[in-house]
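Written below as structure tokens is the structure these notes are about.
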Amino acid sequence: MAATFGTMDRREAVKTLLMDRKNLLVVTGLGSPSYDVFAAGEHDGNFYLWGAMGGAAMVGLGLALAQPKRPVVVITGDGEALMGLGSLLTVAVKKPLNLTIAVLDNGHYGETGMQLSHSGLGSRLEVIAEGAGFDSVTQITDLKGVVEFRAHLHNIGNGPRFARIKIAPGNPERALPPRDGTFVKNRLRQHLGFAVS
Numbered sequence: 011m012a013a014t015f016g017t018m019d020r021r022e023a024v025k026t027l028l029m030d031r032k033n034l035l036v037v038t039g040l041g042s043p044s045y046d047v048f049a050a051g052e053h054d055g056n057f058y059l060w061g062a063m064g065g066a067a068m069v070g071l072g073l074a075l076a077q078p079k080r081p082v083v084v085i086t087g088d089g090e091a092l093m094g095l096g097s098l099l100t101v102a103v104k105k106p107l108n109l110t111i112a113v114l115d116n117g118h119y120g121e122t123g124m125q126l127s128h129s130g131l132g133s134r135l136e137v138i139a140e141g142a143g144f145d146s147v148t149q150i151t152d153l154k155g156v157v158e159f160r161a162h163l164h165n166i167g168n169g170p171r172f173a174r175i176k177i178a179p180g181n182p183e184r185a186l187p188p189r190d191g192t193f194v195k196n197r198l199r200q201h202l203g204f205a206v207s
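Using our numbering, the first residue of the sequence shown is number 11, and each one after it goes up by one.
Given below as structure tokens:
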């Protein structure tokens, strides 16, 4: 089965998705999604993952369950999502109403040399999410779709939601967010109103 690749610029898609973010909490997948979210605007509600490929959805699930009155979005890539497919099953079973999983799908493993990923070879993450049990599954192919989907990010009553955002292959220049895990953790805890010792 042949795959078709997206044409959207990844940075523009993420910047559009995070416009007017209000109290949205954002967990990023390893690599390029972290760079994209940082490039869209640094925020104390951003939690960047480093060296935890496959874990973004589970971190987002934990945050969504711990903060049920706050909207949470996981912004990750197809490679990271493919590594953590079991996470989609767990998210669908736990049904956090305030959680969105947004996968930036360029059909490639961007961090290791732009090899084709499984989605680049024809696997369809939105079909996998639907099979896992997500009630709300969307495939987005243009900025108009990103704008329409953005309106659902703040809804804390009908999740979890899954979106496959088809972006163009390519590696824009890296925009590196903070890499100090303790700093990122403590900053998010303070943002949520917890004491940091």
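Using N, Cα and C, we set each Cβ at its ideal position, and we do this for glycine too.
Inter-residue Cα distance where the pair is residue 21 and residue 205
As a first step, residue 21 is located in the sequence shown; it is residue number 11 there, counting from the start. As a first step, residue 205 is located in the sequence shown; it is residue number 195 there, counting from the start. Between residue 21 and residue 205, the C-alpha separation is close to 34 Å.
Any idea which residues DSSP pairs residue 25 with across the strands?
The residue given as residue 25 occupies position 15 in the sequence shown. In DSSP, residue 25 forms no bridge with anything.
Taking only runs that begin and end inside the stretch 44-105, name each unbroken alpha helix (DSSP H) of 4 or more residues, in chain order.
Complete alpha helix (DSSP H) runs here, min 4: 66-76, 88-93, 95-104.
Sequence-distant residues of its chain with Cβ nearer than 7 Å to residue 128 (five each side left out):
The residue you call residue 128 lines up with position 118 of the sequence shown. Closer than 7 Å at Cβ, skipping near neighbours: 92.
With DSSP run on the structure shown, which of helix, strand or coil describes residue 154?
As a first step, residue 154 is located in the sequence shown; it is residue number 144 there, counting from the start. In the structure shown, residue 154 adopts helical secondary structure according to DSSP, grouped into three states.
Taking residue 73 as the reference, which of 37, 174, 112 has the closest Cα?
Here residue 73 refers to the residue found at position 63 when the sequence shown is read from its first residue. Per the Cα distances, 37.
In three-state terms, what does DSSP make of residue 166?
Here residue 166 refers to the residue found at position 156 when the sequence shown is read from its first residue. Of the three classes helix, strand and coil, the one that applies to residue 166 here is coil, per DSSP.
Look at the alpha carbon of residue 57 and the alpha carbon of residue 131, and state the distance between them as a whole number of angstroms.
As a position in the sequence shown, residue 57 is number 47, starting the count at 1. As a position in the sequence shown, residue 131 is number 121, starting the count at 1. The alpha-carbon atoms of residue 57 and residue 131 are separated by roughly 30 Å.
So what does DSSP say about residue 172, is it helix, strand or coil?
Your numbering for residue 172 matches position 162 in the sequence shown. Reduced to three states, the DSSP call for residue 172 is strand.
How far does the beta strand (DSSP E) with residue 206 in it extend, from its first residue to its last?
Reading the sequence shown from its first residue, position 196 is the one you call residue 206. Note, residue 206: premise wrong, no beta strand (DSSP E); not H, not E.
So residue 138 is in the alpha helix (DSSP H); what residue range does that whole segment cover?
As a first step, residue 138 must be located in the sequence shown, where it is residue number 128. For residue 138, the enclosing alpha helix (DSSP H) stretches over residues 135-142.
With a CB to CB cut of under 6 Å and the five nearest residues on each side skipped, what residues in its chain are close to residue 174?
The residue you call residue 174 lines up with position 164 of the sequence shown. Hits under 6 Å: 113, 115, 135, 136, 149.
Select from 78, 179, 50 the residue whose C-alpha is nearest the C-alpha of residue 108.
Here residue 108 refers to the residue found at position 98 of the sequence shown. Looking at the Cα atoms, 78 is the closest of the given residues.
Opposite residue 34 in the DSSP bridges: which residues?
Position 24 of the sequence shown holds residue 34. Residue 34 pairs with nothing; no bridge assigned.
Simplified DSSP state of residue 109, which is helix, strand or coil:
For this step, residue 109 is matched to residue 99 along the sequence shown. For residue 109, the secondary structure class from DSSP, reduced to helix, strand or coil, is strand.
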